[in-house]
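These notes concern the structure reproduced below.
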Amino acid sequence: METVHTKEAMGTTCPEDNGQGKDGSTTDEQYDPRIPPSPPSDLKSLKEWPNKTSAIPANSRATSTIIPDGTPQWVPDIFFDILPHLRPILKRDSVRSFLRFLNQNGRDMTLGYIIKPEALNELVIANALRCAKVVLVGKNAELHGFRADPNCMTQFGFFPLHLAAEMFSVDMIELLLHHGTSANLHTSGALVIDNLLPVHVAVENTCLHKYLEDSLHPNRENMGYSHADINYILKLIHILCLPEMKLFLDTIRLLAKHTDNLSDEVCNYIIDGKLIQTAVLLLAAQEQIRGVSSPKKDLNSKPDEFAIITNCVVGKITSIQLEMCQKGKELEPLEAKKKLFDMTLTLVHVISQAGEALDSYIRDHPKLAASFYQDRALTWKVPCIIPISHVEVLEHVSLILKDYGLCSGEGIDIGNLCPYENVVSSEELPRKL
Numbered sequence: 007m008e009t010v011h012t013k014e015a016m017g018t019t020c021p022e023d024n025g026q027g028k029d030g031s032t033t034d035e036q037y038d039p040r041i042p043p044s045p046p047s048d049l050k051s052l053k054e055w056p057n058k059t060s061a062i063p064a065n066s067r068a069t070s071t072i073i074p075d076g077t078p079q080w081v082p083d084i085f086f087d088i089l090p091h092l093r094p095i096l097k098r099d100s101v102r103s104f105l106r107f108l109n110q111n112g113r114d115m116t117l118g119y120i121i122k123p124e125a126l127n128e129l130v131i132a133n134a135l136r137c138a139k140v141v142l143v144g145k146n147a148e149l150h151g152f153r154a155d156p157n158c159m160t161q162f163g164f165f166p167l168h169l170a171a172e173m174f175s176v177d178m179i180e181l182l183l184h185h186g187t188s189a190n191l192h193t194s195g196a197l198v199i200d201n202l203l204p205v206h207v208a209v210e211n212t213c214l215h216k217y218l219e220d221s222l223h224p225n226r227e228n229m230g231y232s233h234a235d236i237n238y239i240l241k242l243i244h245i246l247c248l249p250e251m252k253l254f255l256d257t258i259r260l261l262a263k264h265t266d267n268l269s270d271e272v273c274n275y276i277i278d279g280k281l282i283q284t285a286v287l288l289l290a291a292q293e294q295i296r297g298v299s300s301p302k303k304d305l306n307s308k309p310d311e312f313a314i315i316t317n318c319v320v321g322k323i324t325s326i327q328l329e330m331c332q333k334g335k336e337l338e339p340l341e342a343k344k345k346l347f348d349m350t351l352t353l354v355h356v357i358s359q360a361g362e363a364l365d366s367y368i369r370d371h372p373k374l375a376a377s378f379y380q381d382r383a384l385t386w387k388v389p390c391i392i393p394i395s396h397v398e399v400l401e402h403v404s405l406i407l408k409d410y411g412l413c414s415g416e417g418i419d420i421g422n423l424c425p426y427e428n429v430v431s432s433e434e435l436p437r438k439l
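Everything in the sequence shown is counted per the working numbering, starting at 7 for the first residue and increasing by one.
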C-alpha cells in the first residue's frame, strides 16, 4: 500500500506532478485527498471536473496510507473546539443529526476531500456504527462528496482501527475492515508507543485485565519466574477460557484474520519473554497460525506454523543451554530464563494440541456486554451476573485438556476473581487517546 505524505503533495507545481496528464485527465492515485488538486483551465475539462475528482477519496483509500506530516497543527485543534456539541449526537448515533451537524461545521470537520481522521476517531469512541457507516460509504447526498478514510493516520500517530481495537468494539472493527482499513498499519510518532499493530493493542490491553493481573502477574509474594511452571500455564489457559474473556479473544481473533505474518508476531512475544501475551495471541489466533490442511494439494492452503513457533522456542532454550556451559557465566539468571522458555514450550504444545477445542468452547460462550474505561491505566467493569459459573468452566476446560492426553489441571484454583470496584463513569474520563 502506497504511503502519501502531504508535504510531497504540496510540493508539486506542474500539471503532471499534480495528477493531471497532458490531456487534462487525472491520475487519482497520486493525490493526497486532503489537498484538492487545482481545477483545469479549459472549459470542457472544467465541466467534467466534479465527476473525475469525486473518485479521488475512494481510489486513495484503496491504494494509499496517509500520514499526517503535512497537516497544519491548528487544523485538528479547531475540530476539538466543536466536540462538546458533537458527542451527544454520536452517543445517540443519529445519522440525521450527524449530517446536519456536519453541514453546519464542515470546515472544522473536513480536510480536502476527507472527513478528518480525528472526527472518525470520535465515531469509533462513541461506537456510532450508523454514523460511521454513512461516512465510510460516502454516498449520502448530504456528504457532498466527502467521506472518511480509515487508512488516514491521526496527528497522534495511530489509525482508527487501533482505537477500535483498544475499545474491543468487534462491530466497529468489522465495519472498518469491510470498508478497506488495513490491519497491518503500525503506530508511529512520539505521542504513541511506536510500531504497534491493531492486534498488538488488543493483546496488550487484554493482558491488563484484572483477572490476569490478580492471578498471574508477579506480586509481593511471587517474584521472578519461580512460579512459571505447568500449574501456571494451566491456570493461564483456564482463565483465558472464562466467559468474561470472550469479548477480548473475539476481538483478537478478528484482527488476526486480517494480520500478516502472525507467527512472526508470536515469536517476537516469545523472544521478549512475554508469556501472557504469547498465550493470548496464540490461543485467539491459533486458527490462522494452524493453517489449512487438505488431502488435496491446494495452492491457497497454508502450512501449519506451530512448527515455526516451536522451533523459535527450542532455539532460545538451546542458546541459553550453550551460554550456561561457558565459564564465568552467572547461572541463576540463565536458569530463570530457561525455565521461562521451558514453560513457553509447554504452552505452545498445549495450544497446538487442544487449541481448536478450547477456541470452539470460548466461541460458544454467550456474548457479554463487558465495557471498559481508560485513563492512564485500564480498569475493567465486568457484568456481575455471569451465565456460566467459573467452576463449570474449569471442569469443562480440564476435560478438554484430558481428552487430548494433556495434564488437565483438574481441581486447579484460580482464586476468587472479582472485577474492579468503584469504576469511574464514562463522563468523568478524558476523550483523547
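Virtual Cβ for every residue (Gly too), placed ideally from N, Cα, C.
field: Where A363 falls: helix, strand or coil (DSSP)
entry: helix
Cα-Cα separation between A170 and F164, rounded to whole angstroms: 11 Å
query: Which same chain residues, not among the five before or five after G279, have their C-beta less than 7 Å away from its C-beta?
result: L346
query: For I121, which residues does DSSP report across the bridge?
result: T116, A154
- request: Using a threshold of 9 Å, state whether the C-beta atoms of G112 and F152 are closer than that.
  value: yes
query: According to DSSP, is K280 helix, strand or coil?
result: coil
- prompt: Less than 9 Å separating the beta-carbons of L197 and A138?
  reply: no
task: Would you kindly check if the distance between the Cβ of I258 and the Cβ of V320 is under 9 Å?
output: no
- prompt: Taking C-beta to C-beta, are N211 and F162 nearer than 9 Å?
  reply: no
query: Taking Cβ positions, are P166 and I394 nearer each other than 9 Å?
result: Against a cut-off of 9 Å, the Cβ pair of I394 and P166 comes out as no contact.
- prompt: Rounded to a whole number of angstroms, what is the C-alpha to C-alpha distance between T19 and L149?
  reply: In this predicted model, T19 has a pLDDT of only 28, less than 50, meaning its place in the structure is not dependable; the value taken from the coordinates is given anyway. Cα to Cα, T19 sits roughly 29 Å from L149.
- request: Determine the DSSP secondary structure at K145, reduced to helix, strand or coil.
  value: Coil at K145, not helix or strand.
- request: In the DSSP assignment, find the alpha helix (DSSP H) that holds P94 and state where it starts and stops.
  value: 89-98
task: Please check the pair L400 and I420, which I expect to be a contact at CB under 8 Å, by giving their CB distance rounded to whole angstroms.
output: 7 Å
task: Take L288 and list the residues in its own chain whose beta-carbon comes closer than 8 Å to its own, dropping the five residues that flank it on each side.
output: V272, I295, I315, L353, V354, I357, G361
field: Secondary structure of E35, DSSP reduced to three states
entry: Low confidence applies to E35: its pLDDT is 45, below 50, so where it sits in the model is not reliable, and the reading given next is rough at best. In the structure shown, E35 sits in a helix (DSSP, three-state: H, G or I).
- prompt: Distance, Cα to Cα, V456 vs N146?
  reply: Shown here, the chain extends from 7 to 439; a query on residue 456 therefore has no answer.
Nearest-angstrom Cα separation, counted from N190 out to L203: 6 Å
- request: Mind checking which residues open and close the alpha helix (DSSP H) that includes P204?
  value: 204-212
message: Our contact map puts T350 next to L281 with C-beta atoms below 8 Å; I'd like the distance itself, whole angstroms only.
response: Their Cβ separation, rounded to whole angstroms, is 6 Å, which keeps T350 and L281 in contact under 8 Å.
query: Closest to A290 by CA distance: which of L337, M251, K322, D310 is it?
result: M251
query: What's the gap between the Cα of Q292 and the Cα of M178?
result: 23 Å
message: Quick check on the burial criterion: 16 or more other C-beta atoms within 10 angstroms. Buried or exposed for D381?
response: The predicted position of D381 is uncertain, since its pLDDT is 34 and thus under 50; a value taken from the coordinates is nonetheless stated next. By the 10 Å Cβ count, D381 comes out exposed.
query: Taking the alpha helix (DSSP H) that Q110 falls in, what are its first and last residues?
result: For Q110, the enclosing alpha helix (DSSP H) starts and ends at 101-110.
query: Residues in its own chain within less than 6 Å of F104 by CB, not counting five upstream and five downstream?
result: I95, C137
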